[in-house]
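Trainee: Going by the working numbering, the first residue of the sequence shown is number 9, and it counts up by one from there. One structure coming up, written as structure tokens, with questions to follow.
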Amino acid sequence: MSGVAIVDYGINNVRSVRNAVEYCGFDPIVTHDEDAIADASHVILPGVGAFGDAMSNIRERGIDAMLERHVREKGKPFLAVCLGMQLLAKTSEEHADDGVPHRGLGWFDADVLRLLPNDPALKIPHMGWNMVAKERSHPILANIRESNLAFYFVHSFAMRCNAEADVVGYAQYGQPVTAIIARDNVVATQFHPEKSQDSGIELVSNFLRWNP
9 MSGVAIVDYG
19 INNVRSVRNA
29 VEYCGFDPIV
39 THDEDAIADA
49 SHVILPGVGA
59 FGDAMSNIRE
69 RGIDAMLERH
79 VREKGKPFLA
89 VCLGMQLLAK
99 TSEEHADDGV
109 PHRGLGWFDA
119 DVLRLLPNDP
129 ALKIPHMGWN
139 MVAKERSHPI
149 LANIRESNLA
159 FYFVHSFAMR
169 CNAEADVVGY
179 AQYGQPVTAI
189 IARDNVVATQ
199 FHPEKSQDSG
209 IELVSNFLRW
219 NP
């Protein structure tokens, strides 16, 4: 296996993720081809856009089945970012105008809910730098001091995990915001590590060298 597969499902902006992977000294390929995903050492699912549109594209291209085979069954290291993290949940209430939540990949016992900060001065979307408080250690945070766990967020929805053991870290934005989740060979961040300067690059580098 070689290289890093950045999953392209048609609406996600992959340029900054690709640049971060290259900066870390790895060779990325942007793809939705199963052979490329099978050959990669690590897989990244980025995400910008609407939950429902993203899941529609993923299912139409058969990417959900590909990821199930190569990540869930074969244990390939996997990182999901921002909307990518939310897609791992069971449901999302984003744009569920008919009252029926959109279905996600369902890898985590979690739901994606609209941010409702308890301070009316806090604007939605949540956009900017926030500290992340660790709930537990994880290899993706190796060599990053807790005082440097500041990352860049852009989102209006956030994941609520029903299994607290899945949560690695929280941010605060007028409410607790699930910032990092992980289980087995899968890790995900609500923030954008590729846009988070030194700490974000260290996190990406940690992932690319991770062999769970």
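No residue lacks a Cβ here, since even glycine has one placed at the ideal position from N, Cα and C. Keep in mind the model is a prediction, meaning the values are calculated, not measured.
Would you mind reading off the limits of the beta strand (DSSP E) that contains I188?
Mentor: I188 -> beta strand (DSSP E) spans P184 to R191.
Trainee: Beta carbon of G11, beta carbon of D43: below 8 Å?
Mentor: Not closer than 8 Å, so no.
Trainee: The alpha helix (DSSP H) that contains D72, what's its start and end?
Mentor: Note, D72: alpha helix (DSSP H), I71 to L75.
Trainee: Here's the rule: buried if 16 or more other CB atoms are within 10 angstroms of the residue's CB, otherwise exposed. What is V108?
Mentor: That one is exposed.
Trainee: Here's the rule: buried if 16 or more other CB atoms are within 10 angstroms of the residue's CB, otherwise exposed. What is D76?
Mentor: Before going further, note that residue 76 is Glu rather than Asp in the sequence given. E76 should be labelled exposed.
Trainee: Would D117 pass as a contact of N193 if the rule is Cβ separation under 8 Å?
Mentor: Not in contact: D117 and N193 (Cβ atoms no closer than 8 Å).
Trainee: Which same chain residues end up closer than 6 Å to D35 when comparing Cβ atoms and leaving out the 5 residues on each side of it in sequence?
Mentor: Hits under 6 Å: G11.
Trainee: What are the partner residues of N138, as DSSP defines its beta bridges?
Mentor: According to DSSP, which records beta bridges pairwise, N138 is partnered with F159.
Trainee: Could you check if M135 is buried or exposed, using at least 16 other CB atoms within 10 Å of its CB as the buried criterion?
Mentor: Exposed is the call here.
Trainee: Where does Q180 fall in DSSP's three states?
Mentor: Residue state, collapsed to three classes: strand.
Trainee: Between which two residues does the alpha helix (DSSP H) containing F59 stretch?
Mentor: From DSSP, the alpha helix (DSSP H) with F59 extends over F59 to E68.
Trainee: Rounded to the nearest angstrom, what separates E101 and Y31 at their Cα positions?
Mentor: Using only the alpha carbons, I get a separation of about 36 Å.
Trainee: Specify whether the stretch 53-68 and the stretch 176-184 touch according to this definition: at least 3 beta carbon pairs, one from each stretch, less than 8 Å apart.
Mentor: Cβ pair count under 8 Å is below three, so no.
Trainee: Find the nearest neighbour of R111 within the set R122, L123, L121 and A97, judged by alpha-carbon distance.
Mentor: Nearest of R122, L123, L121 and A97 to R111, Cα basis: A97.
Trainee: With a threshold of 16 other CB atoms inside 10 Å of the CB of L95, please say whether the residue is buried or exposed.
Mentor: With 16 or more other Cβ atoms within 10 Å, it is buried.
Trainee: Which partner residues of L211 appear in the DSSP bridge assignment?
Mentor: In the DSSP output, where bridge partners are listed per residue, L211 has none listed.
Trainee: When we look at the beta-carbon of L87 and count the other beta-carbons within 10 Å, is it buried (16 or more) or exposed?
Mentor: Under this definition L87 is a buried residue.
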